[in-house]
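I have placed the structure first, in the form of structure tokens, so that the comments after it can refer back to it.
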Amino acid sequence: MTVPRRRRGWQCVAALSISGALLLPSFVVPQGSHGHSPRLLRRASDRSDESSTLGLSVLIAGAGPAGLLLADRLLSAGCSVHIVEARQDPRSGSLEGRAYALGLGLRAQQTIRTVDDKLWETIKPSGFASERFKLHLSPKIAIDLRTPEDNNGLEPSLLIYQSDLCSAMLDHLETNFGGSGRLRISFQSRLKFLNAATGAASVQKGEQLEELPSADLVAGCDGVNSAVRSSIAAACPAFEVAQTKLPGSFKVLRFPQMPSELDPTAVHLFTGKGGTSAFIEPTARGACALINWRDGVNVQELPSLGELQDPEEARETLSSYFPAIAEAITDDAGKQFVSQKASQASTVKCNTYHFGRAVLLGDAAHSTGGVSGQGCSSAMKDSVVLAELLQREVGGAKRDTLEVLSMYSRQQVPEGHALLDLSLGPSEKAGPLRKALYNAASLAGTLLSKLGIGDPPLQTLLTTSLTPFSDIRRDRDFFFGEFPQQEEFDSMIERASTPS
163 MTVPRRRRGW
173 QCVAALSISG
183 ALLLPSFVVP
193 QGSHGHSPRL
203 LRRASDRSDE
213 SSTLGLSVLI
223 AGAGPAGLLL
233 ADRLLSAGCS
243 VHIVEARQDP
253 RSGSLEGRAY
263 ALGLGLRAQQ
273 TIRTVDDKLW
283 ETIKPSGFAS
293 ERFKLHLSPK
303 IAIDLRTPED
313 NNGLEPSLLI
323 YQSDLCSAML
333 DHLETNFGGS
343 GRLRISFQSR
353 LKFLNAATGA
363 ASVQKGEQLE
373 ELPSADLVAG
383 CDGVNSAVRS
393 SIAAACPAFE
403 VAQTKLPGSF
413 KVLRFPQMPS
423 ELDPTAVHLF
433 TGKGGTSAFI
443 EPTARGACAL
453 INWRDGVNVQ
463 ELPSLGELQD
473 PEEARETLSS
483 YFPAIAEAIT
493 DDAGKQFVSQ
503 KASQASTVKC
513 NTYHFGRAVL
523 LGDAAHSTGG
533 VSGQGCSSAM
543 KDSVVLAELL
553 QREVGGAKRD
563 TLEVLSMYSR
573 QQVPEGHALL
583 DLSLGPSEKA
593 GPLRKALYNA
603 ASLAGTLLSK
613 LGIGDPPLQT
623 LLTTSLTPFS
633 DIRRDRDFFF
643 GEFPQQEEFD
653 SMIERASTPS
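Heads up, the numbering used here is the position in the sequence shown plus 162, with the first residue counted as 1.
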């Protein structure tokens, strides 16, 4: 179930997932109720009708899961790809921006398998398959929201550090294309300048500035604070982006093993004092804990988590907030906590995902702040949609690249807008009555689904089906208000993408 973050108690399960880091373990997929577009989710062995040689030059900003998946698909199609990444190579041991764990559910698994099954098999050993989810209401009371018996044959979600996921994808890329002469990866390099209309760009690494030849396509897979998106905004007056910071801050702790008092196979959610929470996931290399809090909340005799600077004080304070996992909060955990800069999640909503030769994917185009846990899955779906449109339309000599980018926006903008609505719940415009009915219906649906009654709850559909987000959203028009029709999106995208 997905509800606004201000809701408290057990309803915060979905809302506490930050920046795509947390994806609830798999739920049952009702047979025959979840449609998807087969032509946009085909495995490599099923793409015999598509051209194998695109020959495009592509600049990809961002070496996260979306950028790496897009690179793999386009290199397979014959493109030349240059990936520019501001962070270090994750295989060097750097955790910069990649310290948290992701959950790869059905949607993510399907997109990865469009490359080949070997990529998925390369990734799996670095993750931890989990089918258990426990909500701890108090030190002595816990509710099983998910058990293996609920799986009904589905492959479980894979909990994996983003650093490990990206490392496996980079290894796959270099093994398959490192000797092709068509792959270049520049780490610790920032996109300094981009002409979105022509594809001309420059990249800065340290003090060195490199002018790049104009690319046929520039893909912005560079996150919430996207440089590609900023370039589009500077070039296109009709382009609009709404970026909103969500309340609360978070930091990530890595434990060498799960706390001994916890089920080592389960994901655990603890609600702490003063509106704090700890979301703990098992991984292949111990456990990942996401610590959330809100600044300004007064907890008698306890300092705010956002003000901690001393490792020992951090250890003692975290143990006081979360006594159930105090044993795992060691001196090292205290050092980890104070050494990090607190993060704050943001939502992003754009009126188009392309302009000129530039295109936006993932959080650069549509961030939910991690509220629904769909950040990684939806970003990789963007990569698959774009790659398959390019291969079918450009490779098949049906349309040029600019036309295909418009097609991509028309298909994915509704998906991004729908996911944001579903993640945050009905807006203030829906009115208090509809919001109350939505929360009541969500609660009832979740409880009844545990008894095998009624339709699956929203979180189940988001995490374990291939149903388009826009279809799921339209089914909830009563609570949210009417979702725009495709013609309305097409008109908005045409206006937003046209130079003045």
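Quick reminder that beta carbons are idealized off the backbone N, C-alpha and C, glycines included.
- In the displayed model, N601 falls within a helix according to three-state DSSP.
- Listed as beta-bridge partners of P444 by DSSP are A449.
- Cβ atoms of H528 and G578 come within 8 Å of each other, at about 3 Å.
- With respect to the C-alpha of C241, the residue from L231, L232 and L218 having the closest C-alpha is L218.
- By the 16-neighbour rule on beta-carbons within 10 angstroms, D639 is exposed.
- By the criterion of a C-beta distance shorter than 7 Å, V243 is surrounded in its chain by V220, I222, A233, L236, L237, R344 and L345, once the five residues flanking it on both sides are discounted.
- Around P619, the same chain offers M163, G607, T608 and S611 as residues with beta carbons nearer than 6 Å, after the five sequence neighbours per side are excluded.
- Around the beta carbon of P444, 16 or more other beta carbons lie within 10 angstroms, which makes this residue buried.
- Scanning its chain for C-beta atoms nearer than 6 Å, with the 5 sequence neighbours on each side dropped, one finds around G531 the residues L408, A507, S508 and T509, in chain order.
- Residue environment: L431 is assigned as buried (16 or more neighbouring CB atoms within 10 Å of its CB, all protein chains considered).
- Look at G382 here: in three-state DSSP terms it is strand.
- The closest CA to that of D425, considering only K354, R294 and I285, is found on R294.
- Counting only residues of its own chain and dropping the five nearest sequence neighbours on each side, V575 has a CB closer than 7 Å to the CB of T514, Y515, F651 and I655.
- In the DSSP assignment, T622 falls within the unbroken alpha helix (DSSP H) covering L620 to T626.
- Taking all protein chains shown into account, K413 has 16 or more neighbouring C-beta atoms within 10 Å of its C-beta and is therefore buried.
- Contact check for S662 against C398 passes: the beta carbons are separated by less than 9 Å.
- The three-state secondary structure of I303, taken from DSSP, is coil.
- Within 10 angstroms of the beta-carbon of P630 lie 16 or more other beta-carbons, which makes it buried.
- The DSSP-derived three-state label of T492 is coil.
- By the neighbour-count criterion, in which a residue is buried when 16 or more other Cβ atoms sit within 10 angstroms of its Cβ, E550 is buried.
- For Y570, the enclosing alpha helix (DSSP H) covers residues T563 to L586.
- Closest option to Q502, judged by alpha-carbon separation, among L582, Y262, S254 and A395: Y262.
- Annotated three-state conformation of I322 is strand, per DSSP.
- T660 sits in coil when the DSSP states are folded into three classes, being neither helix nor strand.
- Looking at the backbone, the Cα of D384 and that of D279 are separated by about 26 Å.
- As computed with DSSP, H334 is found in no beta bridge at all.
- For K435, the CB contacts under 8 Å within the same chain, skipping 5 residues up- and downstream, are V461, L464, S482 and Y483 in chain order.
- For V220, the enclosing beta strand (DSSP E) has its first and last residue at S219 to A223.
- The Cβ atoms of N454 and S439 sit closer than 9 Å to each other.
- Every alpha helix (DSSP H) stretch that sits fully inside the stretch 224 to 286 and reaches 4 residues is listed by chain position as 227 to 238, 268 to 275 and 279 to 285.
- The continuous beta strand (DSSP E) containing C512 extends over residues S508 to C512.
- F642: member of the alpha helix (DSSP H) spanning D639 to F642, first to last residue.
- For the set E644, R308 and G518, the Cα lying nearest the Cα of V429 is the one of R308.
- Here DSSP, grouped into helix, strand and coil, assigns T479 to helix.
- One alpha carbon belongs to P287, the other to A580, and they sit about 33 Å apart.
- Put simply, the backbone Cα of L480 is about 17 Å away from that of E423.
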